[in-house]
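Residue numbering for the sequence shown follows the working numbering, beginning at 198 and increasing consecutively.
C-beta atoms are modelled at their ideal positions from N, C-alpha and C, and glycine is treated no differently.
Please read all numbers here as calculations on a predicted model, not as lab measurements.
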Amino acid sequence: MKKLFTISCLIYLSLGATTKAQETIIDPVSPLNIVEFGVRFMPTFSSFNMKTSSGGTIKAEATLGYGVGALLGVNFTNHIGIQGEVIYNALSQKYVDQNLNREIKISYVNVPLLLSLNTNKAKRINLNVVFGPQFGFNVGSSISGSSGSASDTLQSVLAIKKSDFGFAYGAGLEFALNPLHTIRLDLGFRGVYGFVNISNTNAATQNKSYYFLDQATVKTYSGYLGITFLF
């Protein structure tokens with residue numbers, strides 16, 4: 198009887214060890230990876246308020262642009278971290294004034310500094326929420342389209358301030374692509390609400406001209422697709 202009991206215990210311990218080993222292989226416990234680096238592509242919708250030549254206001258429809266960027270993050274735990282990003286955004290807006298079709302294009306380099314809250318960075322699938330300030334720098338702007346008839350004596354002027362400031366927020370899902378969960382597919386949403394009037398109405402203009410951006414603040418809504426690496 199004693200021998201049978203000993204054999205039963207050994208079988209039980211052996212089965213338990215085997216099961217634990219299989220669980221480890223199926224879902225290994227990943228250590229905390231402190232540093233995170235990633236790249237993203239970001240289709241972006243934007244909209245601005247614009248002024249007509251007669252002084253009225255046009256709220257143009259949201260127009261699709263794009264952004265590309267990179268992020269560098271630090272994870273304090275599997276649930277809390279911070280990340281800084283550098284994003285190039287090419288924004289555009291079409292509008293009609295006096296039956297003339299026009300389009301403005303504005304390019305920004307944006308630098309959001311974000312707090313990141315995660316369900317668990319060590320898991321195969323991680324849900325994150327981010328929010329924080331965003332600093333923007335205007336790196337180019339232009340207006341194109343029909344110039345109008347000879348009787349169209351008023352000229353629209355595009356004058357943009359060199360910097361912008363807003364609040365960035367978003368959420369995303371990360372899917373592990375390798376057994377150690379250190380390479381991840383990154384999908385999500387990002388919104389930005391601008392606080393600054395980007396129209397520079399202090400810029401010099403010629404006679405018979407007007408600023409067509411009217412108290413314009415940048416509001417953007419982006420989806421993103423990227424890949425991140427944890428170290």
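Note on geometry: alpha-carbon atoms of F334 and I380 lie some 31 Å from one another. Close CB contacts of A259 within its chain, under the 8 Å cut and outside five residues either way in sequence, are with F242, S243, S244, Y418 (chain order).
When the beta-carbon positions are compared, T414 and V393 come within less than 8 Å of each other. By the 16-neighbour rule on beta-carbons within 10 angstroms, N315 is buried. Comparing alpha-carbon positions, the option among Y285, N286, I301, I284 lying closest to Y292 turns out to be I301. A residue is called buried when at least 16 other Cβ atoms come within 10 angstroms of its Cβ; I277 does not meet this threshold and is exposed. Nearest neighbour of A365 by Cα position, chosen from S339, L310, I322, N325, turns out to be L310. Ranked by how close their Cα comes to the Cα of S289, the residues I231, L382, G337, S360 have G337 in first place.
Beyond the five residues adjoining it in sequence on each side, G391 comes within less than 7 Å, by CB distance, of D361, G363, T414, V415, K416 in the same chain, given in chain order. Counting only the Cα atoms, N399 lies some 35 Å from F386. Secondary structure of R321 (DSSP, three-state): coil.
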